[in-house]
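2 protein chains.
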Amino acid sequence: MPGVPAVSFDTEPSRYRHLRLETEGEIAWIVLAVDEAAGLRPGYELKLNSYDLGVDIELADAVQRLRFEHPQVRAVIITGGLDKVFCAGANIRMLAQSEHWWKVNFCKFTNETRAAIEDATGHSGQTYLAAVNGTAAGGGYELALACDEIILVDDGSTAVSMPEVPLLAVLPGTGGLTRLVDKRGVRKDLADVVATRSEGVRGRTAQAWRLVDRVAPPSRFTDTVREAALAAAARSQRLPGGPGIQLPPLDRQVSDTMISYPNVTADIDRAAGLVTITVRGPADEAPPDANGMHSLGAAFWPLAMCRELDDLILWLRTNEVELGTWAIRTSGDADAVLRHERLVEAAAGEDWLASEIRHFLKRTLKRLDVTSRSLIALIEPGSCFAGPLLELALACDRQYMLDGVPEDSGDATAPAAIVLTAGNFGAYPMANGLSRLATRCYGEPGRLAKLEQETGRPIEAAEALKLGLVTFAPDDLDWDDEVRIALEERASLSPDALTGMEANLRFPGPETMETKIFARLTAWQNWIFTRPNAAGPDGALRRYGTGQRAVFDRKRA
Amino acid sequence: MPGVPAVSFDTEPSRYRHLRLETEGEIAWIVLAVDEAAGLRPGYELKLNSYDLGVDIELADAVQRLRFEHPQVRAVIITGGLDKVFCAGANIRMLAQSEHWWKVNFCKFTNETRAAIEDATGHSGQTYLAAVNGTAAGGGYELALACDEIILVDDGSTAVSMPEVPLLAVLPGTGGLTRLVDKRGVRKDLADVVATRSEGVRGRTAQAWRLVDRVAPPSRFTDTVREAALAAAARSQRLPGGPGIQLPPLDRQVSDTMISYPNVTADIDRAAGLVTITVRGPADEAPPDANGMHSLGAAFWPLAMCRELDDLILWLRTNEVELGTWAIRTSGDADAVLRHERLVEAAAGEDWLASEIRHFLKRTLKRLDVTSRSLIALIEPGSCFAGPLLELALACDRQYMLDGVPEDSGDATAPAAIVLTAGNFGAYPMANGLSRLATRCYGEPGRLAKLEQETGRPIEAAEALKLGLVTFAPDDLDWDDEVRIALEERASLSPDALTGMEANLRFPGPETMETKIFARLTAWQNWIFTRPNAAGPDGALRRYGTGQRAVFDRKRA
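As they're listed, the protein sequences go chains H and R. Residues in the first sequence are numbered consecutively from 1, following the numbering used here. Residues in the second sequence are numbered consecutively from 1, following the numbering used here.
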């Protein structure tokens, strides 16, 4: 927002304040040693490896760089770098002093980072292990839960705990409750005990209750962790493809009315509460083969575009909370987009970089899916909604496609067209496990089967409408008015109601642990964050650490 | 709460103020003709067939009586009895003036009633049809969505609509958003349009968008509805078993410290925020066969007990919102419980009454699952947690089972024991589609398979603990302290945090439309209900009908 210093998501290991990224052959360590004095905002100290958004930005950066810059790594150990402390979770004073929207946005990003850890384990052959060498409380234990294996030091005192409900009157909302029962299969009555017992659970009991996978005495702890990491590395299916590529700083220009990158631009209309995002197709021809892709590295268009889009999503979510509608456009040559996609898809099964690029785009699109903004695709002549870029339109709440060409555009202008590719049917699954097309056709599987026959050719507006690929297809006479009215209407509606509506409509069909975390656990946490029992002046979140007990309204809702 | 007149759920067709229940052979009509002046609480008029809790109590009663009192009915038509009005949804002034907990509880009950309509269609051979003969707005259209078939009058003006987001800044939260995309397969972008367009969708467009199943002009409407109902009745698999049984008024005694029925008692400890519910096993022997069950009718213990328990759940939820913990006990002869269960189970595949009793218990247990109170099972000597009554314990957040017998209880006292039956493995599925045992063993399917070998015999505390059937098994020395501490601890925690925690822990594993409605849609709605944009003094819910526009905080969270 104007006047408030913007939060940047830029960082790199040499600038980390809160963690160390160390690699040794196939193993990497992320060592949490949070700088108490280096909170992102004033007003709190990051004691006991507690975290704020700034800490999580570094963690997300490390997870991302490991995939692109350190392809030799096959197992990643997260551990604490302070004495007797693994991680104490989200900083409580930070939460207590934060605006509601900040808390919600912070939790969303931390949830995405933990999902990225699981994505690395599941799809990148980089298996995460939590070496819990000291207190793992709340979000600290939830961070461990995002790892594939949890090893707890059995020193008679170190516990894993979820003290949120008893101490703070909020939930273990960074996936904690869901991962206990759905990922780790902790029995639900034991999960109830864990989530209400502030002191947590230690040693063998923690193991018996499935809260951790192994315990080891202090004398054996380091060796046990290393053995587990080497075993995980040995199981890894990480693809070959040569050395890592560097992820240089992004070239981002910001003014009051525009945020621009080489391949992505955001035009801001504050009065309308609107940002128009334009993603540009490739300026250069696709390289001939995977070697050429490796040579280009971060300059390879799919990766460069995706990094910029990812950064823009995070920037807008955090710094522009009053821009409630994102109109999404593309411009460029659809064929060039498709040639890049073909190169990535052809190599994705055998080359780590191609695979990483595909999964990165998948994760970026998932960020869009859970973004609490109205997303409207505008598909116009000159656009290139083809293959991977068509996913941007499909991620939107509505798709408007101009039928025909504007009268004054001259004979050379071709009408807008979209192109389906095989990638649209599975390369970029949503959190519900379905492709965006399958989700769109959830009620009409026959329609999905029919669409599979329509790949590889331009589909113009009238046909796209008939195929159910777009919501509306106004012609040139109606386009401006219809789009304007839709955007104005959106801007007139309650931001909260839209957030709730979109969260419910975007994920028909099956549910997964991920959708449960983002849609169910998060919704309950958001509710609790608004309730006086937690966030009011006498609530537990505000009174924590003051020596005064919280005062609760005892009415159950 | 003391001092406030309690809401009773007692009603019967002759006392209905808001609807008529009419039957004609295999067809029944529920005709909504809401009495504007007969709101349950003061301060609003129930115009245009809008509803409050009082209206929904009658609707729930009609749905229930059709299953037990009118077994010949195979299709039920819900229609509007006012000119040009089907139903305008939940009364807005009622919502605007209601406390948060009232809104949440009201929505839960209305959701349960709509789920009961779908349960009748799915499991009772009583298929519901909505004859939308006039305005179906918001909750009115959501009521239609709970029906198996929606027939819309095509008169050029009648629309189905979801004006909640644009007019009230809340969600179509009575299952509307979920049923659009998950039940009816409405494309999600079209659902977005429907849920933001206050005037709704008419005629052929409503049909093309899958919002309704058929349209008919006014001249053909009645015939079309009747034909559809007769066709549904012809498809019905309703079981035989003779004439209906009567559901007489419940014998409920209420004092400040106790609510008691013949088979169920609730002891209230207001200071502790605790109610202790005791369900008693059968006083009489089970009848020899299904004929005997029919003769007993509503006096047959499984049905009598279930009606009382169902009523008590609703009573406590609505009238005792500060009693945050429900301790659940049983007393009686486990063998007598099992003999009744065997009779019901043996007949459930071929006799409508046995089938209805089983499904009714299933629905009552589901009410427990979504009850926003902490549920603690206390399993002591003299209890009868066997088969169907064991489900009560399994629905709880924790199970405490006394190991051994109290020292002063004499030689005749047998230790507490529980009994598994085949019914525990599937007769009473939860909303997630799994049995409570399967849900409990979600992370350890091998444990579930092992439990199937353990049916039909008493299992005492130590073994129950080992089998994972109970959480804790203190002996007589520890029992009182351990239970007391658990109950006191529960009472000390934030009611909101407990509600959110329990809602997330009670449903591991698969999700269904029903869990999505109760856990996801409801959580978002609850959040929105707390936000000033809806419920604040300048919010849309409060300003609706005043001529003043709502003022929104535009920050997106």
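Beta carbons are placed, not taken as given, at the ideal position from N, Cα and C, and that holds for glycine. It should be emphasised that the depicted structure is a prediction, and the values quoted were computed from it without experimental measurement.
The contact set of residue 101 (chain R) on chain H, defined by CB atoms closer than 8 angstroms, consists of 555, 556 and 557 in chain order. Residue nearest to residue 476 (chain H) within the set H:381, H:502, H:83 and H:402 is H:402 (criterion: CA-CA distance).
When C-beta atoms of the region 239-251 of chain H are compared with those of the region 140-158 of chain H, fewer than three pairs fall below 8 angstroms, so the two segments do not count as touching.
Scanning chain R for C-beta atoms nearer than 7 angstroms to the C-beta of residue 166 (chain H) yields 493, reported in chain order. When rounded, the separation of the alpha-carbon atoms in residue 84 (chain R) and residue 158 (chain R) is 8 angstroms.
With contacts defined by Cβ atoms closer than 8 angstroms, residue 268 (chain H) and residue 326 (chain H) do not form a contacting pair.
Setting aside the 5 residues that flank it on each side, residue 510 (chain H) is surrounded in the same chain by 432, 433 and 434, each with a C-beta closer than 8 angstroms to its C-beta; the list follows chain order. Using a CB distance below 9 angstroms, no part of the region 109-131 of chain H faces chain R.
Interface flag for residue 369 (chain R) against chain H is unset, since no Cβ pair is found closer than 8 angstroms. Among the residues facing chain H, residue 26 (chain R) is not included, as its CB has no counterpart in that chain under 8 angstroms away.
The count of Cβ pairs closer than 8 angstroms, one atom from the region 45-58 of chain R and one from the region 70-88 of chain R, reaches three, so the stretches are in contact. When the five nearest sequence neighbours on each side are left out, the beta carbons in the same chain lying within less than 8 angstroms of the beta carbon of residue 151 (chain R) are those of 129, 130, 131, 132, 212, 213, 214, 215, 216, 221, 224, 225 and 228, in order along the chain. The beta carbon of residue 526 (chain R) falls within 8 angstroms of a beta carbon belonging to chain H, placing the residue at that interface. For residue 87 (chain R), the secondary structure class from DSSP, reduced to helix, strand or coil, is strand.
Assigned with DSSP and collapsed to three states, residue 141 (chain R) falls in helix. Between residue 400 (chain R) and residue 471 (chain R), the gap from beta carbon to beta carbon is short of 8 angstroms.
Per DSSP, reduced to three states, the secondary structure at residue 149 (chain H) is strand.
Against residue 205 (chain H), chain R offers no close residue; the least beta-carbon distance is about 13 angstroms (beta-carbon pairs closer than 9 angstroms). At the C-beta level, residue 344 (chain R) and residue 305 (chain R) stay beyond 8 angstroms of one another.
Here residue 162 (chain H) is buried: its Cβ has 16 or more other Cβ atoms, across all protein chains shown, within 10 Å. Beta-bridge partners of residue 326 (chain R) (DSSP): R:275 and R:375.
Across the set R:257, R:240, R:264 and R:239, the C-alpha of R:264 shows the shortest separation from the C-alpha of residue 251 (chain R). In terms of Cα proximity to residue 506 (chain H), the closest of H:393, H:422 and H:553 is H:393.
Chain R places no beta carbon closer than 8 angstroms to that of residue 462 (chain H), leaving this residue out of the contacts. Residue 188 (chain H) belongs to the set of residues whose beta carbon lies under 8 angstroms from a beta carbon in chain R. Buried is the label assigned to residue 439 (chain H), since at least 16 other Cβ atoms lie within 10 Å of its Cβ.
Excluding sequence positions up to five before and after residue 67 (chain R), its CB lies within less than 7 angstroms of the CB of 120, 124, 126 and 356, all in the same chain and listed in chain order. In the DSSP assignment, residue 202 (chain R) forms a beta bridge with R:159. For residue 34 (chain H), the CB contacts under 6 angstroms within the same chain, skipping 5 residues up- and downstream, are 18, 46, 49 and 55 in chain order.
Per DSSP, residue 528 (chain R) is one residue of the alpha helix (DSSP H) stretching across 522-530. Judged by DSSP in its simplified three-state form, residue 72 (chain R) adopts coil rather than helix or strand.
Excluding five sequence positions before and after residue 38 (chain H), the CB atoms of its chain that fall closer than 8 angstroms to its own CB belong to 17, 18, 46 and 54, given in chain order. Assigned with DSSP and collapsed to three states, residue 300 (chain R) falls in coil, not helix or strand. Counting along the chain, no alpha helix (DSSP H) covers residue 269 (chain R); the unbroken beta strand (DSSP E) around it starts and ends at 264-269.
Measuring C-alpha to C-alpha distances from residue 386 (chain H) to each of H:266, H:73 and H:469 identifies H:469 as the nearest.
For residue 312 (chain R), the nearest beta carbon of chain H is not closer than 8 angstroms to its own beta carbon.
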